[in-house]
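Chains as they are written, first to last, in the numbering used here: chain A, 1 to 138; chain B, 139 to 276.
A virtual CB, placed ideally from N, CA and C, is assigned to each residue, including glycine.
Note sheet for the following structure.
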DNA sequence: TGTAGTGTACTATGATACGTAATACAGTTA
DNA sequence: TAACTGTATTACGTATCATAGTACACTACA
């Protein structure tokens with residue numbers, strides 16, 4: 001279900017946040033669906049429960065999930081209400097990577113195709129994860 | 139010339155890499171133009187020379203600049219030869235942020251506009267009279 | 001009621017990265 | 001020679017990450 005790279009410079013909990021966010025955005029994980037418990041996921045990924053909890057806390061802070069003591073953690077309903085601050089932040093990152101992509105020779109057309117491709121997956125359903133090199137497959 | 143956030147979670151040297159990369163990509167810094175020396179830039183930014191050097195080393199590793207002992211550091215000529223590995227990496231980041239942008243309600247049209255806007259500022263040459271729409275994205 | 005499963009909180013420890021500081025060396029330029 | 005470049009090394013303090021262990025509060029269920 002997850003591929004983690006424990007050797008990566010990017011913290012494990014942050015990798016988890018990214019992966020889960022992606023699963024939520026693409027609606028592979030649906031609204032109110034229950035996430036694995038911190039302990040079970042920790043055991044499955046052979047990492048520490050605290051690390052899972054940190055990722056869940058971050059996702060909760062960002063509004064992607066909600067947690068109920070004694071019950072579990074669940075996917076938040078997609079509000080789709082514009083969050084200006086977040087959008088500004090994301091656009092900034094986008095600008096950075098779009099610039100670099102163009103600089104590296106990626107064409108505008110290709111980028112637009114990428115957008116359309118992603119758009120088809122966001123809220124749509126199917127998506128497959130093509131991912132990096134190493135490690136830990138579960 | 140630079141604005142750094144020493145309190146940011148992002149390392150200073152990495153902020154420097156990003157800023158300089160952007161200046162190179164947008165050709166504000168032109169091929170073979172000399173960068174500030176590690177010591178002078180360190181003094182200007184009131185940070186440690188080692189931190190500058192780390193950023194320069196990273197930029198050199200990524201092919202954006204070259205350094206000559208005793209002379210200085212200079213902007214590499216833009217090769218524009220496709221670097222598959224880098225492109226894959228950038229596309230991956232792009233996918234992440236594009237997904238999130240779409241999820242947050244940014245429209246496809248808006249994203250395409252963003253691409254075109256950036257394209258006008260990258261590499262192509264004609265645009266160093268950046269008076270209007272460009273606005274020095276940072 | 002008891003028990004197992006949830007989330008949550010806290011302390012402690014080791015490893016690693018970041019940034020600074022000081023020093024040294026090598027090469028270029030005037 | 002003197003002053004400027006890049007580069008390398010060691011040491012130190014700090015912060016973050018991840019683990020480990022423990023504890024507590026709440027929920028569900030037999």
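- Per DSSP, the bridge partner or partners of residue 75 of chain A: A:65
- Item | Separation of residue 153 of chain B from residue 7 of chain A, as counted between CA atoms | 23 Å
- Item | Whole-angstrom distance between residue 86 of chain A and residue 237 of chain B, CA atom to CA atom | 13 Å
- Please report how far the alpha carbon of residue 182 of chain B lies from the alpha carbon of residue 10 of chain A, in whole angstroms. 30 Å
- Query: At a CB-CB cut-off below 7 Å, which residues of chain B make contact with residue 142 of chain A?
  - Reply: Because residue 142 of chain A is not part of the residues shown, which for chain A are 1 to 138, the question remains open.
- Query: Do the segment 243–254 of chain B and the segment 99–119 of chain A touch if we need at least three Cβ pairs shorter than 8 Å?
  - Reply: yes
- Message: Under DSSP, the alpha helix (DSSP H) around residue 43 of chain A begins and ends at which residues?
- Response: 38–45
- Item | Short CB-CB distance (under 7 Å) between residue 55 of chain A and chain B | no
- Message: Against chain B, with Cβ distances strictly below 7 Å, would residue 66 of chain A count as a contact?
- Response: no
- Message: Tell me the rounded alpha-carbon separation between residue 158 of chain B and residue 151 of chain B.
- Response: 10 Å
- Item | chain A within 7 Å of residue 245 of chain B, Cβ atoms only | no
- Give a yes or no on contact between the segment 23–39 of chain A and the segment 70–79 of chain A, applying the rule of three or more CB pairs nearer than 8 Å. yes
- Query: Any C-beta of chain B sitting closer than 7 Å to the C-beta of residue 101 of chain A?
  - Reply: yes
- residue 235 of chain B and residue 93 of chain A closer than 7 Å at C-beta: yes
- Using a cut-off of 8 Å between C-beta atoms, extract the partners of residue 97 of chain A located in chain B. 228, 231, 232, 235
- Task: Please classify residue 193 of chain B: is it buried, with 16 or more other beta-carbons within 10 angstroms of its beta-carbon, or exposed?
- Result: buried
- Run of the alpha helix (DSSP H) containing residue 150 of chain B, from where it starts to where it stops: 150–163
- Message: Can you list, in chain order, the residues of its chain with a C-beta nearer than 7 Å to that of residue 67 of chain A? Leave out the 5 residues immediately preceding and following it.
- Response: 56, 60, 73
- Task: Give the interface partners of residue 4 of chain A over in chain B, defined as CB-CB distance under 8 Å, in chain order.
- Result: Those do not exist, as residue 4 of chain A stays about 16 Å from chain B at its closest Cβ, beyond 8 Å.
- Please classify residue 110 of chain A: is it buried, with 16 or more other beta-carbons within 10 angstroms of its beta-carbon, or exposed? exposed
- Per DSSP, residue 172 of chain B is paired with what? B:212
- Message: 7 Å is my cut-off, CB to CB: does residue 118 of chain A come that close to chain B?
- Response: yes
- When burial is assigned at 16 or more other CB atoms within 10 Å of the CB, is residue 17 of chain A buried or exposed? buried
- Message: Between residue 111 of chain A and chain B, is the shortest Cβ-Cβ distance under 7 Å, so that the two count as touching?
- Response: yes
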